[in-house]
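Data block below; observations after.
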Amino acid sequence: MSSLLSLASFPESAVDRLLDAAFGAERRGRTAYKIREGMAWLPHLSFGIANADGDLIGSLQSWPVALHGADGVQIPLVMVGPVAVEPSLQLGGHGRAMMDAVVAAARAQHSDPLMMIGDPEYYGRFWGFTAEGTGGWNAPGPFEQRRLMALSVDGRIIGGTGMLGPRIRVSA
Ligand SMILES: CC(C)(COP(=O)(O)OP(=O)(O)OC[C@H]1O[C@@H](n2cnc3c(N)ncnc32)[C@H](O)[C@@H]1OP(=O)(O)O)[C@@H](O)C(=O)NCCC(=O)NCCS
């Protein structure tokens, strides 16, 4: 038996262990890490799965990021990922459960558009993430354009040109 919980229910060290097991320790050099450098993950859009003993076997984090235009204007986005399932338990529906949860929560919260670097064969097939509107987006590291995808959760049009990076806090 497993349960889907807020990721805030688990120690940060358990998340790190799971991500190392799923992606390897060199994961920290990836472009996705540079896009959200210095940001804290969003507790209301991040989920974990516990096994019957309460151990973390699945993790999904979301981050505040933005598309920074040449005019200095930032378009806020929510970066989803990494999505990771304990290697021995993959293909058992845990990834889908966490993704279902984040997409439903984002829709309920009318969040900023979701974006990610991931496999279209998975994230496009089940949730409709698409690279259609991201052709003008650049990133602070190598990426394949077809894997740079977005999903609007409130009808906002995905588009624009600029560089992806951490969200700059705008004071009210
Ligand atoms: C990718 C991952 C999150 C998917 O979660 P999961 O619990 O293993 O998979 P699910 O049970 O939710 O999904 C199963 C279905 O999705 C398909 N699928 C899973 N991962 C896929 C991928 N990377 N590409 C294409 N299809 C994929 C499976 O073939 C299966 O399809 P079926 O129902 O037609 O048989 C998980 O396998 C994982 O942690 N992988 C290693 C890390 C990784 O690559 N993360 C994604 C990048 S952020």
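Residue numbering for the sequence shown follows the working numbering, beginning at 2 and increasing consecutively.
Each residue gets a CB set at the ideal place from its N, CA and C atoms; glycine is no exception.
On a predicted model such as this, the values are computed, not experimentally measured, just so you know.
Taking buried to mean at least 16 other C-beta atoms within 10 Å of its own C-beta, is residue i buried or exposed?
i: Ala-107; result: buried
i: Ser-60; result: buried
i: Glu-38; result: exposed
i: Gly-176; result: For the chain, the structure presents residues 2 to 173; residue 176 sits outside this window and is missing.
i: Met-116; result: buried
i: Pro-88; result: exposed
i: Thr-162; result: exposed
With a threshold of 6 Å, establish whether the CB of residue i neighbours any heavy atom of ligand 1.
i: Ala-23; result: yes
i: Glu-122; result: yes
i: Arg-157; result: no
i: Gln-91; result: yes
i: Val-86; result: yes
i: Gly-129; result: no
i: Gly-30; result: no
i: Arg-148; result: no
For residue i, report the span of its beta strand (DSSP E) as first-last.
i: His-69; result: 57-69
Is residue i near ligand 3, in the sense that its beta carbon is under 6 Å from a heavy atom of that ligand?
i: Gly-125; result: Ligand 3 is not part of the structure shown, which contains ligand 1 as its ligands.
With a cut-off of 8 Å on the beta carbons, I'd call residue i and residue j a contact; round off their distance for me.
i: Gln-75; j: Leu-68; result: 7 Å
i: Leu-6; j: Gly-49; result: 5 Å
On the DSSP letters alone, give me the boundaries of the alpha helix (DSSP H) that residue i sits inside.
i: Ile-76; result: That residue, Ile-76, is in no alpha helix (DSSP H); its beta strand (DSSP E) goes 75-86.
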